[in-house]
Amino acid sequence: MALKRYIDPIAQFMQEHDHALVELASLNKSSRSIAEDGFSPAAFRKLLRALQFIDEEVSVHNKSEEDALFPVLERYVEGPTKMMREDHRVLARDFRKLRKAVERVGMHRKDKSAARELEAVAKGVVQIFVNHIHKENHILFPLVQKFLTKDALREVARRMV
């Protein structure tokens, strides 16, 4: 029987955060471009790619945190995970607003108010998400590393699969 290689779940979450920050920067830049310079197919494609990333990657990432990491950490401490779950709910709500704003710009390419609304919604999503990543990287994950044993981290890794 082959031994399964252990993957550090915290390192994986942080790597996913780094990727998310790149996509969030692209979302911010492309929504600002559309608001300031008008609709462009290139900026809109970048928006759609960021939206797809959020729909596919971020939802899996957040579910993995909630199903794999949080239950194990909650054996030791609960407050931080409640705050992170609430952030996930707020982000999901704001992602829905973002999707609608992108659709509106796609249907009304010359509508400056739709472009300004898109920029405002995107800016809000980016701000909330960047703050959330900061809280996890600098508060939650150090807590995890303080409280969880190697066996508990292995359990988190197994739950993530």
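Using my numbering, the letters of the sequence shown correspond one by one to residues 1 to 161.
For every residue, glycine included, the Cβ atom is placed at its ideal position computed from N, Cα and C.
Same chain, Cβ closer than 7 Å to residue i, five either side skipped, listed in chain order
i	result
Leu-140	Pro-80, Met-84
Arg-116	Ala-35
Val-90	Ile-128
Ile-7	Ala-157
Which listed residue (the options) has its alpha carbon closest to that of residue i
i	options	result
Leu-27	Asp-37, Arg-49, Ser-64	Arg-49
Leu-47	Glu-65, Val-126, Glu-86, Ser-113	Val-126
Arg-104	His-88, Arg-93, Ala-92, Val-121	Val-121
Phe-147	Ile-10, Leu-73, Phe-53, Glu-136	Leu-73
Leu-98	Asp-37, Arg-109, Gly-124	Gly-124
Tyr-76	Asp-37, Glu-66, Leu-143	Leu-143
Ala-43	Asp-151, Arg-109, Lys-150	Arg-109
Ala-11	Glu-65, Val-22, Gly-38, Glu-56	Glu-65
Ala-92	Glu-56, Asp-37, Lys-135, Met-107	Glu-56
Asp-111	Ser-30, Lys-29, Val-22, Gly-38	Gly-38
Chain-order list of residues whose beta-carbon lies under 8 Å from that of residue i (same chain, five-residue window excluded)
i	result
Lys-63	none
Met-14	Asn-137, Phe-141
Contacting residues, own chain, Cβ-Cβ under 6 Å from residue i (five flanking each side not counted)
i	result
Ala-68	Val-156, Arg-159, Met-160
Met-1	Annotation note: pLDDT 46 at Met-1 (below 50); position unreliable, no value reported.
Residue i vs residue j beta-carbon contact at 7 Å
i	j	result
Arg-32	Glu-119	yes
Val-102	Leu-51	yes
Ile-54	Phe-95	yes
Supposed contact pair residue j and residue i - C-beta distance, whole angstroms, cut 8 Å
i	j	result
Asn-131	His-17	Between His-17 and Asn-131 the Cβ distance is about 12 Å, and since that is not below 8 Å, they are no contact.
Val-58	Ala-20	6 Å
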